[in-house]
């Protein structure tokens, strides 16, 4: 078949669209983990965001209320996690897993009344410019505001962590909570804030799925994307730019394998479906194999509880 | 005073006992085991609609959702059989062995297994729907409505049920339009809106202007709506999700069968059966035909529907050739149920190989 340049543009645009929820959730989780907290509840927070966004959109009819409501829902459910791990000093791993199970269950319960309702159309920006430049236009124009935000987020996150004072504080808390505490930093407060921020981003990622990407509510609709997002954070060695690369590879291979199937490439389909998972991990491991850099960027106190009372 | 207390205690015990006996004698309790959540708006959702019909007919029902097709299924079945259920419907192919195993342990409980073929004990029946009849109708519509002559098909897993659907669809489409090509994409999921949408998008980007699906969510018809191509609803009427894209839907209608079987248990007339119902018996329902379809196509489809229902037309009427050109069904013959149940080869005109 002839591959024309607009076709390539369309494929890249769909790859980017599929990467959005991963980027959002991963960048949120990255901040949480940089402060030393391991929250395995991403999938749960995401699905809560998905049902909250969809429910609010259906009930209030306002997309703005729905998007911010979904983020707020992510914040609220992550508050439970924050309270348990930071105030009651519970184990991060166990609490995070519980959060996921809780989120999936409660979203199914709330969602009972929202099954089988079509979503609303979400407005896109620069629609009129979509056919102006070949290849570039379908990539740049005609997307939702969340899409543009997601692609700015890794750069903003990078800037925040490297160039701002608050970013430095977050990293300090994650690397050595004792020293940070001795410097007069309220470790628990910083960690609370980072957990809630992670919750907000996961909630937004969920809302993107249920309101923009596939506008509908069905149970378990996040389909494990929260776990992929978590894996991206680790394999990117806590680097937001590498998260962007990883998310694009993962989304890209998922979509390209469908194209290969449709073209009729004779590779076992099971292998093609497994490809995104395998290649994403390999690529991220290869580009992050510098052990000195891994040591530098891994939050030293990740997943460890901090006991000092402030 | 003591006497009074004892007497009232004894009499209430007696009353309770008679009530329980009466309840056991009269009420039939039906249980349903689901593979997915009832909120999937697809396969399990439609079974649950059927369960509600049983409830509406005056019987008590319970259901367990999200039961994996593993040893867990046996545990759930045993528990349901132990807790006084008279008939248990197991609604996924993978429950076949657990159903037969547990049925042996509970000869007084009736078991009804969907889409399977094993009936190892007299208390096990099987039932399935001839969805391929619905796909004959979809293929006829797709072959007529396509302009690019490329039809996309999002498939789930390579099992006879899905292969049969692809073949039936392609044969019907070829009959009205010999130039069409059916492009298949395997999503390897029954149910993941994101993945399903991506699969549909890939097919649309490659020129498909009609999309059929054998996965459960509404993501595909929504993607078709966005891209301005046609699509068909799966399991339930999906028209409201994509009013412009959806031309019609094939609906699964289990209710009448379920009510029938539970009533048979109540009357004591239940017997072992293998049921395979199609459009004629109302287990497969074609939703309203969209007004975008030309009037003559609509009347053609109506006639086809009636002929499939009466048995005048069979979805697999020869001559049918496989991809290599070998004769599968001779001219004037129709495929028998044995061949349909084990169908694992594509017919001529389908592109690609079946994943192994």
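Chains as they are written, first to last, in this note's numbering: chain V, 984 to 1293; chain Z, 165 to 520.
Backbone N, C-alpha and C define an ideal beta-carbon position, used for all residues, glycine too.
Local conformation of residue i per DSSP, three classes
| i | result |
| --- | --- |
| residue 486 of chain Z | strand |
| residue 351 of chain Z | coil |
| residue 375 of chain Z | strand |
| residue 318 of chain Z | strand |
| residue 223 of chain Z | coil |
| residue 340 of chain Z | helix |
| residue 218 of chain Z | helix |
| residue 1287 of chain V | coil |
| residue 334 of chain Z | helix |
| residue 393 of chain Z | coil |
| residue 1118 of chain V | coil |
| residue 1072 of chain V | coil |
| residue 358 of chain Z | helix |
| residue 548 of chain Z | Any property of residue 548 of chain Z remains undetermined from this structure, which presents chain Z solely from 165 to 520. |
| residue 272 of chain Z | coil |
| residue 1004 of chain V | helix |
| residue 323 of chain Z | coil |
| residue 369 of chain Z | helix |
| residue 1275 of chain V | helix |
| residue 211 of chain Z | helix |
| residue 1281 of chain V | coil |
| residue 382 of chain Z | coil |
| residue 282 of chain Z | coil |
| residue 506 of chain Z | coil |
Under 7 Å by beta carbon: chain Z residues contacting residue i
| i | result |
| --- | --- |
| residue 1204 of chain V | 357 |
| residue 990 of chain V | 369 |
| residue 993 of chain V | 369 |
| residue 1091 of chain V | 201 and 203 |
| residue 1302 of chain V | Any property of residue 1302 of chain V remains undetermined from this structure, which presents chain V solely from 984 to 1293. |
Residues bridged to residue i [DSSP beta-bridge criterion]
| i | result |
| --- | --- |
| residue 277 of chain Z | Z:254 and Z:290 |
| residue 1097 of chain V | None, per the DSSP bridge assignment. |
| residue 1126 of chain V | V:1108 |
| residue 202 of chain Z | Paired residues: none, contrary to the question. |
| residue 493 of chain Z | Z:484 |
| residue 194 of chain Z | Z:225 and Z:251 |
| residue 511 of chain Z | Z:486 |
| residue 530 of chain Z | With chain Z covering 165 to 520 only, the question about residue 530 of chain Z has no answer from this structure. |
| residue 498 of chain Z | Z:481 |
Partners in chain Z for residue i, counting only beta-carbon separations shorter than 8 Å
| i | result |
| --- | --- |
| residue 1263 of chain V | Going along chain Z, no residue has its Cβ under 8 Å from residue 1263 of chain V, so there is no contact; the nearest lies around 15 Å. |
| residue 1237 of chain V | 359 and 362 |
| residue 1242 of chain V | 366, 369 and 370 |
Contacts that residue i makes with chain V (C-beta to C-beta distance below 9 Å)
| i | result |
| --- | --- |
| residue 381 of chain Z | 1197, 1199, 1201 and 1204 |
| residue 386 of chain Z | 1101, 1102, 1197, 1198 and 1199 |
| residue 347 of chain Z | 1244, 1245, 1246 and 1247 |
Partner residues on chain V for residue i, Cβ-Cβ distance less than 8 Å
| i | result |
| --- | --- |
| residue 209 of chain Z | 1098 and 1099 |
| residue 352 of chain Z | 1252, 1253 and 1256 |
| residue 205 of chain Z | 1098, 1099, 1199 and 1201 |
| residue 517 of chain Z | 1249 |
| residue 224 of chain Z | Simply none; closest approach about 21 Å. |
| residue 404 of chain Z | 1101 |
Chain V contact residues for residue i, given Cβ-Cβ distances below 7 Å
| i | result |
| --- | --- |
| residue 285 of chain Z | Here the premise fails: no neighbours, minimum Cβ distance about 34 Å. |
| residue 367 of chain Z | 1245 |
Cross-chain neighbours of residue i in chain Z, by beta carbon under 9 Å
| i | result |
| --- | --- |
| residue 1044 of chain V | The premise fails here: residue 1044 of chain V is roughly 17 Å from chain Z at the closest Cβ pair, so nothing lies under 9 Å. |
| residue 977 of chain V | As displayed, chain V neither begins before 984 nor continues past 1293, which places residue 977 of chain V out of reach and without an answer. |
| residue 945 of chain V | Here chain V covers residues 984 to 1293 and nothing more, so residue 945 of chain V does not appear. |
Heavy atom of the ligand PLP within 8 Å of residue i beta-carbon
| i | result |
| --- | --- |
| residue 1104 of chain V | As presented, the structure is devoid of all ligands, the ligand PLP included, so that no description of it is given. |
Quiz item: Hey, is the segment 1019-1033 of chain V in contact with the segment 1042-1062 of chain V, meaning 3+ C-beta pairs nearer than 8 Å?
Solution: yes
Quiz prompt | Within the segment 395-476 of chain Z, ranges of the alpha helix (DSSP H) (whole runs, at least 4 residues) | solution = 419-431 and 459-474
Quiz item: What are the start and end residues of each continuous alpha helix (DSSP H) run of 4 or more residues lying completely inside the segment 1009-1069 of chain V, in chain order?
Solution: 1025-1043 and 1046-1065
Exercise. Pair every Cβ in the segment 319-334 of chain Z with every Cβ in the segment 1205-1218 of chain V, then say whether three or more of these pairs are closer than 8 Å.
Key: no
Exercise. Give, in chain order, every unbroken run of the alpha helix (DSSP H) that is at least 4 residues long and sits entirely within the segment 1143-1183 of chain V.
Key: Fully enclosed alpha helix (DSSP H) runs of 4 or longer: 1148-1158 and 1160-1165.
Self-check item: Every unbroken alpha helix (DSSP H) inside the segment 1193-1265 of chain V [4 residues or more]
Solution: 1208-1218 and 1223-1246
Quiz item: Do three or more CB pairs link the segment 1260-1276 of chain V to the segment 1223-1235 of chain V at distances below 8 Å?
Solution: yes
Exercise. Would you check if the segment 1114-1123 of chain V and the segment 1209-1226 of chain V touch, i.e. whether three or more CB-CB distances between them fall below 8 Å?
Key: no
Exercise. Determine contact between the segment 299-309 of chain Z and the segment 277-285 of chain Z, defined as no fewer than three beta-carbon pairs at a distance below 8 Å.
Key: no
Quiz item: Does the pairing of the segment 414-434 of chain Z with the segment 1133-1142 of chain V give three or more beta-carbon distances under 8 Å?
Solution: The answer is no - the segment 1133-1142 of chain V does not touch the segment 414-434 of chain Z, with fewer than three Cβ pairs under 8 Å.
Practice problem: Mind the definition here: the segment 1150-1160 of chain V touches the segment 1169-1179 of chain V only if three or more C-beta pairs lie below 8 Å; say whether that holds. | Solution: yes
Exercise. Report yes or no: do three or more beta-carbon pairs, one from the segment 1207-1216 of chain V and one from the segment 1070-1078 of chain V, lie closer than 8 Å?
Key: Touching, no.
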